[in-house]
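K.L.:
Take this structure, written in structure tokens, and hold onto it; I'll ask about it next.
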Amino acid sequence: MARSGITYFHVAQAAAGLVDAGKNPTVDSIRAALGETGSKSTIAPLLKRWKAEYAERVTEADTGLPTELVQAVKGVYEKVQAEAARLREQQQHAHEAELQALQEQLHSLQAEHAALEEKHQAQQQSLQAAAVQIQQSEEARHEQAVTVAGLHSENAGLEQRLSDRTAATAALTEQLTQARAQFEHYQEAVARQRAEERATAERRQSRLEQELAEARQQVLAQQALLSETQAQAQQQAKENTRLQKRLQATEEALAHARATHDQAAYQLTQLTQRHQTLEQRHLTATEALVEYRADLAAADKERALLRERLAQTEEQLAALAQKRIDLLQEKAVLCDQLRQHRDASSN
1 MARSGITYFH
11 VAQAAAGLVD
21 AGKNPTVDSI
31 RAALGETGSK
41 STIAPLLKRW
51 KAEYAERVTE
61 ADTGLPTELV
71 QAVKGVYEKV
81 QAEAARLREQ
91 QQHAHEAELQ
101 ALQEQLHSLQ
111 AEHAALEEKH
121 QAQQQSLQAA
131 AVQIQQSEEA
141 RHEQAVTVAG
151 LHSENAGLEQ
161 RLSDRTAATA
171 ALTEQLTQAR
181 AQFEHYQEAV
191 ARQRAEERAT
201 AERRQSRLEQ
211 ELAEARQQVL
221 AQQALLSETQ
231 AQAQQQAKEN
241 TRLQKRLQAT
251 EEALAHARAT
261 HDQAAYQLTQ
271 LTQRHQTLEQ
281 RHLTATEALV
291 EYRADLAAAD
301 KERALLRERL
311 AQTEEQLAAL
321 AQKRIDLLQE
331 KAVLCDQLRQ
341 HRDASSN
């Protein structure tokens, strides 16, 4: 229970004194001003009554405008502040959503760029493998060309040997013809001189027959060598044909490898162009992000200006409140004087 004697007049007088001292009248400060007398439950409703009773009058006295107009202006100001806050929040959400979309697009472009880099490296490896295969094919073709040249040289040697053997066979054939002619001549001579040179003719005939047999054996040997040489020439011709076919197959493989190399080079060019396109898109996204950040900075600047205007408005409201408190204090003094005058009149 509060002490007896704590009335509305005491609370109003203490509140006016606190306002004069530049302090905010509260329940604790009123109780301290009253000498720590009175309970808070008693002081609180009296202080609330004092604030409610003099609020409208102070507002009208400070501004020189009707209270309803001041309240309407305050309502419009609060509505404008709420609308500005709502728009600022919507803009902030829109900027955040746009930033999130740009970041997702940037991540997608980075992932696509990484995939293209991996594909580019794979194409580079395939290109290097194709280059190695082409080099191996070139080396094999060079070796085959050397082999074919050696075979051509060997074939020329065999043809030269065959020509020599043919010439030797022709010479032996001519010798055989000459031997036959001589034999016929000798037979005619023997026929003419059979009587006196029978013994000599028989020995000569025997010798000629022996020479003829040897010549025939030489001719058979030369014919056998000629057949063997012709067989070797045919074998060399077959080998030459096989090597030519192998050379043709190697050249076709080389042409295919070159076509593969050209295709890989074209794919590499396409990948390079796509990589440049992605880099341009990344640059565009970066520029858009920079523009968004500039817009966000402008919005922050506008928000700071609004805060500054709000602070100025709050300062004006504080000044109006101070004037209201001064008027309340004057009113309390006047009320006290009026009460004392009435008391004096009644006495």
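Numbering (UniProt numbering), first residue to last: 1 to 347.
Built from N, CA and C at the ideal position, the CB exists for glycine as well.
Note that this is a predicted model, so its numbers are computed, not measured.
1. Would you tell me roughly how many angstroms separate the C-alpha atoms of Gln275 and His113, rounded to the nearest one?
2. Are Glu239 and Leu162 touching if we call contact CB-CB under 8 Å?
3. Reducing DSSP to helix, strand and coil, say where Ala21 ends up.
4. Given a cut-off of 8 Å on the beta-carbon distance, is the pair Lys119 and Leu268 in contact?
5. Compare the beta carbon distance of Leu254 and Ser137 with 8 Å and say whether it is the shorter of the two.
6. Going by DSSP, what residue range makes up the alpha helix (DSSP H) through Ser29?
7. On the three-state DSSP scale, how would you describe residue 348?
8. Under 8 Å: do the region 233 to 251 and the region 90 to 109 share three or more Cβ pairs, one atom per stretch?
9. So, for Ala172: in the same chain, excluding its five sequence neighbours on each side, which residues have a beta-carbon less than 8 Å away from its beta-carbon?
10. Go ahead and pull the three-state DSSP assignment for Ser39.
11. Is it the case that the region 14 to 27 contacts the region 287 to 299, given that we only count it when at least three CB pairs across the two stretches are under 8 Å?
12. Is it true that the CB of Ala84 sits closer than 8 Å to the CB of Leu306?
13. In angstroms with no decimal places, state the Cα-to-Cα distance between Gln312 and Asp343.
14. Measure the Cβ-Cβ separation of Leu47 and Pro25 and say whether it is below 8 Å.
P.N.:
On the basis of the supplied data:
1. The sequence given here places His at residue 275; Gln does not occur at that position. Cα to Cα, the separation comes out at about 7 Å.
2. no
3. coil
4. no
5. yes
6. Val27 to Ala33
7. Since the first residue of the chain shown is 1 and the last is 347, residue 348 is not available in this structure.
8. no
9. A small fix is needed here, since residue 172 is Leu in this sequence, not Ala. Once the five neighbours on either side are set aside, the close Cβ partners of Leu172 are Ala215, Gln218, Val219 and Gln222.
10. coil
11. no
12. yes
13. 46 Å
14. yes
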